[in-house]
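Residues in the sequence shown are numbered from 489 upward in steps of one, following the working numbering.
Quick notes on the structure that follows.
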Amino acid sequence: MSEESATSSRKRNGAVQPHGSRQQGSAVVKLAAGAVGIVFGDIGTSPLYAFRETFVGHHPLELDKLHVLGVVSLIFWSMTLVVSIQYVTILMRADNKGQGGSLALVAKLLAALRRSKFGWVAILLGVLSTSLFYGDSMITPAISVLSAVEGLTVVQAGLQPMVLPIAVGLLVVLFMIQSRGTAKIGMFFAPIMFVYFTVIATLGLIQIFQTPEILYALNPWYAVQFFITDGFKAFLALGSVVLAVTGSAALFADMGHFGRKPMRMAWFGFVMPALLCNYFGQGAMIIGLDAEGAKAAIQNPFFLLAPEMLRLPLVILATMATFIASQAVISGAFSVTHQAIQLGFIPRLTIKHTSASEAGQIYIPFVNWTIMIAVIILVLTFQSSSNLASAYGIAVTGAMLIDTCLLAVLVFTLWKWKWWYAVPILAIFFIVDGAYFAANLSKVPDGGWFPLMVGAFAFLLLTTWAKGRKIMREHMAESAMPIEIFTKSAVNSATRVPGTAIFMASSSVGVPSALLHNIKHNKIIHERVVVLTVNIEDVPYVEPENRIHVKDLGQGFYRLVLNFGFMQETDVPATLKKVTECGMEFNMMTTSFFLSRQTLLPSEKPEMMVWREKVFAWMLRNAATAMEFFKLPSNRVVELGSQMEI
């Protein structure tokens, strides 16, 4: 992340542009190291609970060689197919000018589907995936931190009563420090993640050397044999096995921070080998024990890999690692929310930038405190990581299945793959992701309802806001007076006064209501009047040369359109300093910003259900003001109210 200020091309293109092979190689290595410290925490802490839950979860398996080899083989091939091939190899090619994630992919697809009647399907899938992500962002910190703290019971069984208080305390601290910024937190934790991955790989290798027959699990036949022997029970076991690949969608979403090549280098060169060594090591340890020893060890095999004298340091190290897992998801929630706001699916929220040099470093207080409250409730309700595992997975697998659907649209509409090449590959992904999602549906009664409930609630809010906003814009466009007619009539009906007036308008056509109300009530027109529209494009970044569009309407009137990407900060005053086509430069001390605040009234023929209208009106009332969102100087803003029926 520290390389971002040195080269802006990395963010826009997903890779560092070369200044010579040596410099390029050094930059990629540094970015790969940064990715290890920030991005891979979620999937990196899954060994704490994934292997264990397949044997002691709600659908326990017998502790014998057949099942251990079958489970380890499933983990290996799932990690290969889902993470390595589907996400790291293929989906990371589907970036939107360097940015990843479902919404960025949808924005990319809309360019190709704009004239298609199926464009709304891609939007719906992207919104649904985003909604499910919020459910995942609440469960991940809870299960990660709780599973690490539970390692204390391996060190001393009498510490069990302290697990919940310590976990809740750590989570509160985690959310309290978010306002300091991801970069500062990441710089502190990145070296710890290197130590963590090295340690878990070493512990796993020791067990593999002692019981090398665990390497038979590399053969997919052992996974097939598992299904042949256990049938439906093996299918249910997928609900726990999938915990080993949770975080794969987050890798795609976080690609914009580091670039495609560094992410791949970090995954294939360090993270994946370390994880596989640990999973194979846990399996080797269980195979090498007698029946009684295996039964005791499976309760917490991750910590029992270490000698007794090193278990407490391992607990501390794992707890630090789970902070990073949680940090990656929380910062991901900030990024996804920012994208959704810019694309018009979420009302404006207060966004604080935590870095002067890195635009992607943001903090959204509302999202932070909402997730914190939900996480603490989850910990206190479910009490243990095993219980939380029953709620974990359904949101992740749902998002994975949606990403596969979006990938299918992508390969046929944009990449133009041949059907005989695309269909077999997509069929494998649909079978694997579909099987994982179906297996996780069995968790709904035991806690899987929680992420589904959160996802449904988020989906309702996102779609309600998008539809209500669309209706409002249509009504405003219908009643808007053409700006050319207005300028001719207004000059003769009002007094001109010194200064500049900027009227914010959501549409680039017609006269904003604030301008009409100003003339109606104040009977004045400033010597320079600018109708300003801020337009958010379906791309992450808009180049400076395409940022500003000005139209001179004559008689001191101008229409100004500022274009931003959905990952860029909408700092209007800073951008106005670069505008020279509006007669003169903008001086904030002689410029007034006029905003219109809408009050919604019920219509005799509502275009949404009444309860959805009330939800939309509530969201509109509680949205951050345009003054906050566009960074307008508070002492230069005038708000004029108006009413509208929807």
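Ideal Cβ placement from N, Cα and C applies to all residues, glycine included.
Are the Cβ atoms of residue i and residue j separated by less than 8 Å?
i     : j     : result
T641  : V656  : no
A711  : G558  : yes
A887  : F621  : yes
A610  : L597  : yes
E685  : F758  : First, the amino acid is wrong: residue 685 is Phe here, not Glu. Yes, they are a contact pair.
D624  : P939  : yes
I864  : Q666  : no
I890  : L569  : no
V1067 : F1052 : no
A1002 : F1082 : yes
P761  : A523  : no
V884  : A636  : no
L866  : A630  : yes
F756  : H555  : no
I859  : M626  : yes
A754  : Q698  : no
I829  : K840  : no
A595  : L831  : yes
S995  : R961  : yes
T533  : T810  : yes
M681  : G529  : yes
P1121 : M1072 : no
A816  : D742  : yes
F564  : L764  : yes
V985  : S736  : no
I913  : K553  : no
F917  : T892  : yes
R540  : I786  : yes
P970  : S1084 : no
G936  : M1096 : no
Can you tell me which of the options puts its alpha carbon nearest to the alpha carbon of residue i?
i     : options                       : result
E1069 : F1081, Y1046 and Q1086        : Y1046
H547  : H963, L724 and Y851           : L724
L898  : A521, R581 and F543           : R581
V560  : I702, A523, I834 and I696     : I702
G1105 : V1038, F682, T952 and F1117   : The amino acid at residue 1105 is misidentified as Gly; the sequence shows Ala. If we check each option's Cα against that of A1105, T952 comes out closest.
V1103 : E1057, F947 and A784          : F947
R1100 : T1087, L950, Q644 and M808    : L950
A538  : I839, L868 and Y880           : Y880
A1111 : D1040, F854 and A523          : F854
L691  : V660, A678, E796 and W608     : E796
K1008 : L800, T983, P835 and T892     : T983
F720  : A923, I1012, M964 and G1129   : A923
V480  : V571, P1061, I973 and G1044   : No answer is possible for residue 480: the residues shown for the chain start at 489 and end at 1134.
E1057 : R799, S823 and V1038          : S823
L871  : L1128, P1094, P653 and N1123  : For clarity, residue 871 is Gln in the given sequence; the question names Leu instead. Per the Cα distances, P653.
L1041 : N1034, R1016 and E1033        : R1016
L706  : I680, D778, N1006 and L562    : L562
V1022 : I1013, H1014, V1038 and M1072 : V1038
N856  : T869, F833 and H826           : H826
Q1043 : I973, V911 and R752           : I973
V643  : A678, A794 and I971           : A794
E1025 : F917, T869, K906 and N584     : N584
L616  : A944, H963 and P1000          : A944
V660  : I852, A862 and P1000          : A862
H1014 : P1032, S981, E1033 and L662   : S981
For residue i and residue j, which I take to be in contact (beta-carbon distance under 8 Å), what is that distance rounded to the nearest angstrom?
i     : j     : result
F746  : V1027 : Contact doesn't hold; Cβ gap of about 19 Å is too wide.
T1079 : T975  : Contact doesn't hold; Cβ gap of about 19 Å is too wide.
L551  : A782  : 5 Å
F543  : L549  : 5 Å
S632  : S814  : 6 Å
V997  : A965  : 7 Å
P835  : L1108 : 7 Å
L1162 : V1018 : There is simply no residue 1162 to check, as the chain begins at 489 and stops at 1134 in what is shown.
S873  : L693  : That belief does not hold up - the Cβ atoms of S873 and L693 are roughly 25 Å apart, past 8 Å.
Taking 7 Å as the cut-off, is the beta-carbon of residue i closer than that to any non-hydrogen atom of the ligand GTP?
i    : result
D742 : Absence of the ligand GTP is noted for the structure shown, with no ligands found whatsoever.
- Query: Touching or not, the region 721-740 and the region 927-934, by the rule of three or more beta carbon pairs under 8 Å?
  - Reply: yes
- Indicate whether the contact test is met: 3 or more Cβ pairs, each with one atom in the region 572-584 and one in the region 789-805, closer than 8 Å. no
- Message: Quick check for students: name the residue ranges of the beta strand (DSSP E) that lie wholly in the region 949-1032, counting only runs of 3 or more.
- Response: 983-992 and 1012-1024
- Should the region 764-777 be regarded as contacting the region 692-706, the criterion being three or more beta carbon pairs within less than 8 Å? yes
- Message: Going residue by residue through the region 768-807, where are the continuous alpha helix (DSSP H) segments of at least 4 residues, counting only ones entirely within it?
- Response: 779-785 and 789-792
- Whole beta strand (DSSP E) elements within the region 1044-1082, 3-residue minimum: 1045-1052
- Message: To test your reading of the DSSP string, which unbroken alpha helix (DSSP H) runs of 4 or more residues are found completely within the region 591-648?
- Response: 607-637 and 640-643
- Message: In chain order, what are the residue ranges of uninterrupted alpha helix (DSSP H) at least 4 long that sit wholly in the region 520-589?
- Response: 529-532, 538-544 and 553-566
- Message: Could you tell me which whole alpha helix (DSSP H) segments of length 4 or greater appear in the region 865-890?
- Response: 873-877
- Task: Return the chain-ordered ranges of every alpha helix (DSSP H) run that is complete within the region 1108-1133 and spans a minimum of 4 residues.
- Result: 1114-1117
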